[in-house]
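Engineer:
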Amino acid sequence: MAGSGSRLSRGERRARLWLSAAALAAYLPLIGVPFRGWLDFSAFWTAGHVAFSRQVLDLGTILRFQAENGLPPTPFVYPPGLALLYVPFAALPYDLAAALHVAVTLGALIVAARLWADLIGLPRRWAVLGALAWGPAAASVVSGQNATFVLLLAALAASGLAKAGARAPGPGFRIGFIAGLAMYKPQLGAGVTALVASRGGRWAIAGILVAGLGQYLAGVVATGMDLGWPVAWLSTVSAYGSADYVANGWQAISGPSIGAHLGEVTGSPIPQVIGWVAAALFVGWAIRGIRQLPAPIAVALAATAGLVIDPHAWIYDATLLLPAVGLIAVDASRRGWPERDRVAVAGAFAIAAFWPFGAFIGTSLVPILVVAVPIALRRVAWGMTNPAADADGAASRG
């Protein structure tokens, strides 16, 4: 969006106004969130209280604690090791802890935006403003979730891949370890972690394995030294899944999660099977040749592809679309912001900003973005790696 000239300056002002309005709308719910018990943060604060015991895996214990303390009933279904990070929050009064969590997750979003800006050549001010205006990222921050941490870890992994050879012992191990940490939320971090494992060689894989071992040991500590906690954790996830899809399924954004929601509604397994098959076919197409792409594009594409096939993807998980949206904007700027691109990017932010209206119609439009963004990113990747063909295509479109 950088440039000179009166026409482009007006465009910049309009873009800034549009993004500022979207950011204001996205964070306006912060006014009412305290009156709704800070929503999902209840699960993490409770987990911090019951950490160091097997109760962290027990849905009944979590829900009883919340009822006794007047908190929203929100089960904790993350790997139990994550509860250790919330022990300091649990030591604070609930409202103060929740407000601090908003500040921390918002800070992670801003830092991630700046890192991604440097990686893809987007001015930092636009990257930060765009990240603040992205509805799913705001939903993660406001609702007490933590998808912005995965975004930050993805940025660090992409930066490592871009700056140093992952196959070297030191850099490779660090990149793998960072990517492995993203598996604290397995379904969301899997795409980036798989890319680093396939691209980084044995040292990156070693880093991923050490991070995984660390998370397992953290789970052992968090469950009061239960060495077999993964079995109990998977049972907890399975027990909660059906109820979650029935109550919150309108927020589903991936093929498998939409299929699971429809399966619960219709009582048939067919929609879920279709969701998995369609997602797998789409991801297979999307990641062709991903190992040969520049690191930032490859990581962004892995994040979007992972989101498509995520078995439990909700609105706030679409935070992981931000790097791809940034790359699309950089490509559009390089080509002078054709009208089609302006409309497409503005429309994406509009869909992202108005996701809450999906509650009234039973679904959101964010799944459109989950499919459209990787398609657009493939076009960007083709243009950046085949500049002659891209120039010919631009000329023909002109």
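In this note's numbering, each number is its position in the sequence shown, counted from 1, plus 201.
Here a beta-carbon is modelled for each residue, glycine too, at the ideal position from N, C-alpha and C.
1. What's the gap between the Cα of residue 509 and the Cα of residue 338?
2. What would DSSP say about residue 314, mapped onto helix, strand or coil?
3. Below 6 Å CB to CB, which residues in the same chain sit around residue 321 once its five sequence neighbours on both sides are set aside?
4. Looking at the structure shown, is residue 384 part of a helix, part of a strand, or coil, going by DSSP?
5. Let's test the definition: count the other Cβ atoms within 10 Å of the Cβ of residue 540 and tell me whether it reaches 16, buried, or not, exposed.
6. For my contact list, residue 451 and residue 560 are in at a C-beta cut-off of 8 Å; report their separation, rounded to the angstrom.
7. Hey, how far is the Cα of residue 255 from the Cα of residue 266?
8. Using 9 Å as the threshold, is the C-beta distance between residue 313 and residue 522 below it?
9. Rounded to whole angstroms, what's the CA-CA distance from residue 492 to residue 499? Just pull it up for me.
10. Residues in the same chain with beta-carbon distance under 7 Å from residue 440, minus the five sequence neighbours each way, listed in chain order, please.
11. Out of 564, 542, 483, 485, which one is the CA nearest neighbour of residue 516?
12. Run through the stretch 238-289 for me and flag every whole alpha helix (DSSP H) of 4 or more residues, listed as ranges in chain order.
13. Within the same chain, show all residues whose beta-carbon is closer than 8 Å to that of residue 596, passing over the 5 residues directly before and after it, in chain order.
14. Check residue 331 in the structure and name its three-state DSSP category.
15. Closer than 8 Å: is that where the CB of residue 329 sits relative to any heavy atom of the ligand GTP?
16. Does DSSP put residue 302 in a helix, in a strand, or in coil?
17. Rounded C-beta distance between residue 258 and residue 433? I'm assuming under 8 Å.
18. So, helix, strand or coil for residue 469, using DSSP?
19. Using the Cβ count rule (16 or more neighbours within 10 Å means buried), how would you classify residue 269?
20. So, does the stretch 269-287 touch the stretch 239-255, judging by three or more C-beta pairs under 8 Å?
21. Which residues bound the alpha helix (DSSP H) around residue 620?
22. Using alpha carbons as the reference points, say which of 581, 554, 361, 416 lies closest to residue 229.
23. Smallest Cα separation from residue 379: which of 351, 346, 297?
24. From the DSSP output, in three-state form, read off residue 566 for me.
25. Below 8 Å on the Cβ atoms is my contact criterion, and I expect residue 423 with residue 383 to pass it. Report the Cβ-Cβ distance as a whole number of Å.
26. Count the other CB atoms within 10 Å of the CB of residue 308; is the residue buried (16 or more) or exposed (fewer)?
27. Taking residue 441 as part of the alpha helix (DSSP H), name the residues at either end of that continuous run.
28. Using CA atoms only, rank isn't needed, just tell me which of 581, 219, 467 is closest to residue 327.
29. Which value, in whole angstroms, describes the spacing of the CA atoms of residue 225 and residue 232?
30. Starting from the C-beta of residue 385, find all residues in its chain whose C-beta is less than 6 Å away, skip the five residues before and the five after it, and write them out in chain order.
31. Taking only runs of the alpha helix (DSSP H) that begin and end inside the stretch 474-545, which ones reach a length of at least 4 residues, in chain order?
32. Looking only at C-alpha atoms, which of 371, 376, 297, 323 sits nearest to residue 358?
33. One question on the structure: do residue 389 and residue 507 come within less than 9 Å of each other, judged by their Cβ atoms?
34. For the alpha helix (DSSP H) holding residue 336, just list the boundary residues, first then last.
35. Rounded to the nearest angstrom, how far is the Cβ of residue 457 from that of residue 477, given a contact under 8 Å?
36. Just how far apart, CA to CA, sit residue 428 and residue 292?
Structural biologist: Taking the structure as given:
1. 17 Å
2. helix
3. 497, 527, 528, 531
4. helix
5. Burial call: exposed.
6. 6 Å
7. 14 Å
8. no
9. Cα to Cα, the separation comes out at about 7 Å.
10. 260
11. 564
12. 242-251, 260-269
13. For residue 596, the pLDDT reaches just 45, beneath the cut-off of 50, and the residue's location in the model is therefore unreliable, although a value from the coordinates is still provided. None.
14. helix
15. You won't find the ligand GTP in this model; it holds no ligand whatsoever.
16. Helix.
17. 5 Å
18. Judged by DSSP in its simplified three-state form, residue 469 adopts coil rather than helix or strand.
19. exposed
20. yes
21. The chain is shown from 202 up to 599; residue 620 falls before or after that span and cannot be answered.
22. 554
23. Comparing alpha-carbon positions, the option among 351, 346, 297 lying closest to residue 379 turns out to be 351.
24. coil
25. With 8 Å as the limit, residue 423 and residue 383 do not qualify as a contact, their Cβ atoms being about 18 Å apart.
26. Residue 308 comes out exposed.
27. 430-449
28. By alpha-carbon distance to residue 327, the top candidate from 581, 219, 467 is 219.
29. 11 Å
30. 283
31. Complete alpha helix (DSSP H) runs here, min 4: 496-509, 523-535.
32. 376
33. Between residue 389 and residue 507, the gap from beta carbon to beta carbon is short of 9 Å.
34. 336-343
35. The C-beta distance from residue 457 to residue 477 rounds to 5 Å, short enough to fall under 8 Å.
36. 26 Å
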